[in-house]
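J.: Take a look at this one; I'll ask things after.
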Amino acid sequence: MTELITTLITIGFVLACVLTACMYLVLAERKVSAWMQDRLGPNRVGPYGLIQPVADALKILLKEGVIPSHVDKALFLLAPAISMFTTLLAFAVVPFGPVEESFTWLRFLIAPDVNIGLVFIFAVGSLAVYGVILGGWASNNKYSALGSLRASAQVISYEIPLGMSVLGVILLSRTVDLNEILNQQAKQGIFGWNIWCQPLAALIFYVSSLAESNRLPFDLSECEQELVGGYHTEYGGFRLVLFFLGEYTHLVTISFLTAILFFGGWHFPLIATPESAYTGAWLVKLLVLLAKVLFSVLLIMLIRWTIPRFRFDQLMELTWKVFFPLALANMVAVMTVLQFGINRWALLPISVALFVLFGVFTVTAKRLELARRRRASLAMH
Amino acid sequence: MPINPKDIAWVTEPELGFWEATFLSEVVKGLKITFGHMADFESVTQQYPEQRPVLPQHYRGVHRLNRDEQGRVKCVACMLCATACPAHCISIEAAAAPPDWPDRDKYPAEFILDELRCIYCGMCEEACPVDAIELTHIYDMTSENREAMVFNKQKLLGIFDETKNNPLDPVRTRRGRLGPAAEFVNLATLGPATSVESGDRAAIVNTPGVIGEPPPEVRNSQIG
Numbered sequence: 023m024t025e026l027i028t029t030l031i032t033i034g035f036v037l038a039c040v041l042t043a044c045m046y047l048v049l050a051e052r053k054v055s056a057w058m059q060d061r062l063g064p065n066r067v068g069p070y071g072l073i074q075p076v077a078d079a080l081k082i083l084l085k086e087g088v089i090p091s092h093v094d095k096a097l098f099l100l101a102p103a104i105s106m107f108t109t110l111l112a113f114a115v116v117p118f119g120p121v122e123e124s125f126t127w128l129r130f131l132i133a134p135d136v137n138i139g140l141v142f143i144f145a146v147g148s149l150a151v152y153g154v155i156l157g158g159w160a161s162n163n164k165y166s167a168l169g170s171l172r173a174s175a176q177v178i179s180y181e182i183p184l185g186m187s188v189l190g191v192i193l194l195s196r197t198v199d200l201n202e203i204l205n206q207q208a209k210q211g212i213f214g215w216n217i218w219c220q221p222l223a224a225l226i227f228y229v230s231s232l233a234e235s236n237r238l239p240f241d242l243s244e245c246e247q248e249l250v251g252g253y254h255t256e257y258g259g260f261r262l263v264l265f266f267l268g269e270y271t272h273l274v275t276i277s278f279l280t281a282i283l284f285f286g287g288w289h290f291p292l293i294a295t296p297e298s299a300y301t302g303a304w305l306v307k308l309l310v311l312l313a314k315v316l317f318s319v320l321l322i323m324l325i326r327w328t329i330p331r332f333r334f335d336q337l338m339e340l341t342w343k344v345f346f347p348l349a350l351a352n353m354v355a356v357m358t359v360l361q362f363g364i365n366r367w368a369l370l371p372i373s374v375a376l377f378v379l380f381g382v383f384t385v386t387a388k389r390l391e392l393a394r395r396r397r398a399s400l401a402m403h
Numbered sequence: 511m512p513i514n515p516k517d518i519a520w521v522t523e524p525e526l527g528f529w530e531a532t533f534l535s536e537v538v539k540g541l542k543i544t545f546g547h548m549a550d551f552e553s554v555t556q557q558y559p560e561q562r563p564v565l566p567q568h569y570r571g572v573h574r575l576n577r578d579e580q581g582r583v584k585c586v587a588c589m590l591c592a593t594a595c596p597a598h599c600i601s602i603e604a605a606a607a608p609p610d611w612p613d614r615d616k617y618p619a620e621f622i623l624d625e626l627r628c629i630y631c632g633m634c635e636e637a638c639p640v641d642a643i644e645l646t647h648i649y650d651m652t653s654e655n656r657e658a659m660v661f662n663k664q665k666l667l668g669i670f671d672e673t674k675n676n677p678l679d680p681v682r683t684r685r686g687r688l689g690p691a692a693e694f695v696n697l698a699t700l701g702p703a704t705s706v707e708s709g710d711r712a713a714i715v716n717t718p719g720v721i722g723e724p725p726p727e728v729r730n731s732q733i734g
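Respectively, the protein sequence lines represent chains A and B.
When you number the first sequence by the numbering used here, it's gap-free, plus one each residue, and the end is 403.
When you number the second sequence by the numbering used here, it's gap-free, plus one each residue, and the end is 734.
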């Protein structure tokens, strides 16, 4: 009974926190972009615009929910719900604090006994694309359909390097339980963080997750300049916001995953280690983890307002010609190291070497192709 | 008109270098710029209702009908402004001038100017031979209905009374002379529409209307 109540309380707590965080992430995004462009950003509601999310939420809730006459009603209503639901569901197995130091009524993990955590996240997370596809399809609109087609192609392509980059980590830790992966890193100190032996996997994971969550520079499925609004062209009011909340929840989830899988979760040398037993250690650990997540989120926002959108063929080239072979090679390297009992620090130079080799190879090929193209165009004149 | 060969600059597409093709250095460069702006940000935003913009001398806002020294409307109902107006927003009802106005034959019994149709081009001001119609610096005149934005003679004269003491809207009295548009030499208060900076490529070319090659010092500063 206590177990059930604790779970319910935790679910309520996480839901409230994540949704509030998403609202404030929207504000942060607007502020960050404003500062980059030498503007002020929202600053009218409350001090420094801090109550802006409340005003936004009120406006959205009071908006008329328009359902166009030409849409497939059932799917049209279902799509935003799926998009929101699946991304929130993925949060069930993400440890958002030091799980061992949980309280009776609130623990830092919704579902503690799911030992297939990572697989669960990928399984549920990739369902989110159904929201996009169904939304675009049900809208009965060419732009929406194009957007959702792009989204499906993109997400299916990026799922592969995303999963494969994490396989290396799974092989090294011999578990798919996120909390277990975190604890293993924490026990070994700062040099036990997976980023040291899997830097390439971390890079592939991070970039692929950007593509997976349809963030710029990979937001081909909703690019305003080509597709009006992409899959959510026909949506407005609260349903549109469900899509956005889904996107921002995805953002938070991938930031949590990056921090947990590659950067040691709540571990930080000296102040937050498994041995630290001072009062309030749980709070410090929680704050360390949240700081790492916040850093990742800010980096994603920085990237969003820095790099222009990829062309669709470039997007596909990046995943199939670069990330896929690299992730495969990285996985083979991990397998070799484990099989022959080589020190796992060997993976750091191997990752760098793979990256450099591959970079030289692809760049040379690209430049040769460009030179050939230039010669051909000169020959035509 | 043939383009002067001196104005032609041949541009070749720069070749993609190795580091540029890796994309990494460019991403880092871009992040550096955006982060630099974020860390050391200097807002260009004007907090509008609290901060008012400093308008240039030649700003064209709402019209006014000027009065002469005796407080009479200056307009002589010659219809030149209504003819010049590209938006057809001026309609004047001319009448014979009262007998005690010996200096003119006609005066406007009514002067209707639709501020919603107006495109604020200033052609009426240019056309007026007696400097009767002028554009002021008022830019925020609004109303809750369209009818109130169709200004009549009383309202236009009222705007004159309101703005005549504003240093931005000096009364330009040139009785018996041509309008300000004809006096190129004395156009001191009006600057060019956009200020010409040194090194403006359009201002230095040999062929008018062509954007030429920048002078060496500008080019060097751009490269360096």
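Note that beta-carbon positions come from the ideal geometry of N, C-alpha and C, so glycine has one too.
#1: Answer with yes or no whether the minimum CB distance from E560(B) to chain A is below 9 Å.
#2: Buried or exposed: Q74(A), going by 16 or more other Cβ atoms within 10 Å of its Cβ?
#3: Compare the C-alpha of F265(A) against each of L72(A), G153(A), S231(A) and name the closest.
#4: Comparing alpha-carbon positions, which option in P559(B), A604(B), P609(B) lies nearest E620(B)?
#5: Would you kindly check if the distance between the Cβ of S174(A) and the Cβ of I143(A) is under 9 Å?
#6: Identify each residue in the segment 46-59 of chain A for which the Cβ-Cβ distance to at least one residue of chain B is less than 8 Å, and report them in chain order.
#7: Can you list, in chain order, the residues of the segment 540-554 of chain B whose Cβ is nearer than 7 Å to any Cβ on chain A?
#8: State the Cα-Cα distance for the pair T295(A) and N216(A), rounded to the nearest angstrom.
#9: With a cut-off of 8 Å on the beta carbons, I'd call A112(A) and G147(A) a contact; round off their distance for me.
#10: Consider the Cβ of I31(A): report whether some Cβ of chain B lies at a distance smaller than 9 Å.
#11: Cβ of K343(A) less than 9 Å from any chain B Cβ?
#12: Could you tell me if N163(A) is buried or exposed, where buried requires 16 or more neighbouring beta carbons within 10 angstroms of its beta carbon?
#13: If you drop the 5 nearest sequence neighbours on each side, which residues of the same chain put their C-beta closer than 8 Å to that of W159(A)?
#14: Look at the alpha carbon of K343(A) and the alpha carbon of D78(A), and state the distance between them as a whole number of angstroms.
#15: So for S601(B), helix, strand or coil by DSSP?
#16: Would V263(A) and D199(A) qualify as a contact pair, given that the criterion is a beta-carbon distance under 9 Å?
#17: Rounded to the nearest angstrom, what separates Q220(A) and T341(A) at their Cα positions?
#18: Apply the 10 Å Cβ neighbour rule to A698(B) and answer buried if 16 or more other Cβ atoms are within range, or exposed otherwise.
#19: Quick check: is the beta carbon of A521(B) nearer than 9 Å to any beta carbon in chain A?
#20: In the DSSP assignment, what residue or residues form a beta bridge with R577(B)?
#21: Within a Cβ cutoff of 7 Å, which residues of the same chain sit near R394(A), ignoring the five residues on either side of it in sequence?
#22: Candidates A224(A), V76(A), R172(A): which alpha carbon is nearest V67(A)'s?
#23: Give a yes or no on whether the minimum CB-CB distance between I329(A) and chain B is below 9 Å.
#24: Any beta-carbon of chain A closer than 9 Å to the one on T532(B)?
#25: Please state whether DSSP places A299(A) in a helix, a strand or coil.
#26: Determine whether the Cβ of A398(A) lies closer than 9 Å to any Cβ atom of chain B.
#27: Going by the DSSP bridge assignment, what does I622(B) pair with across the sheet?
#28: Measure the C-alpha to C-alpha separation of F240(A) and V88(A) and round it to an integer number of angstroms.
#29: Taking all protein chains shown into account, do 16 or more other C-beta atoms lie within 10 angstroms of the C-beta of F130(A), making it buried, or fewer, making it exposed?
#30: Closer than 7 Å by beta-carbon distance: list the chain B residues that pair up with V385(A), in chain order.
#31: Under a CB-based cut-off of 9 Å, is K388(A) close to chain B?
#32: When the cut-off is 9 Å and only beta carbons count, does L324(A) lie next to chain B?
#33: With three or more C-beta pairs closer than 8 Å as the rule, is the segment 546-556 of chain B touching the segment 572-588 of chain B?
#34: Name the chain A residues whose beta carbon is nearer than 8 Å to that of V564(B)?
#35: For V583(B), go through chain A and note every residue whose CB falls closer than 7 Å to its CB, in chain order.
T.: Inspection of the coordinates gives the following:
#1: no
#2: buried
#3: G153(A)
#4: A604(B)
#5: no
#6: V54, W57, M58, Q59
#7: G540, L541, T544, F545, H547, M548, F551, E552, S553, V554
#8: 16 Å
#9: 5 Å
#10: no
#11: no
#12: buried
#13: D94, L97, S166, A167, S170
#14: 42 Å
#15: strand
#16: no
#17: 18 Å
#18: Confidence at A698(B) is low in this model, with a pLDDT of 44, below 50, so the placement of that residue is unreliable and no value is reported for it.
#19: A small correction: the amino acid at residue 521(B) is Val; Ala does not occupy that position in the sequence shown. With 9 Å as the cut-off, V521(B) does not count as an interface residue toward chain A.
#20: V583(B)
#21: none
#22: V76(A)
#23: yes
#24: yes
#25: coil
#26: no
#27: S601(B)
#28: 29 Å
#29: buried
#30: F528, A531, T532
#31: yes
#32: yes
#33: no
#34: Correct list: empty, because the minimum Cβ distance to chain A is about 19 Å.
#35: The premise fails here: V583(B) is roughly 44 Å from chain A at the closest Cβ pair, so nothing lies under 7 Å.
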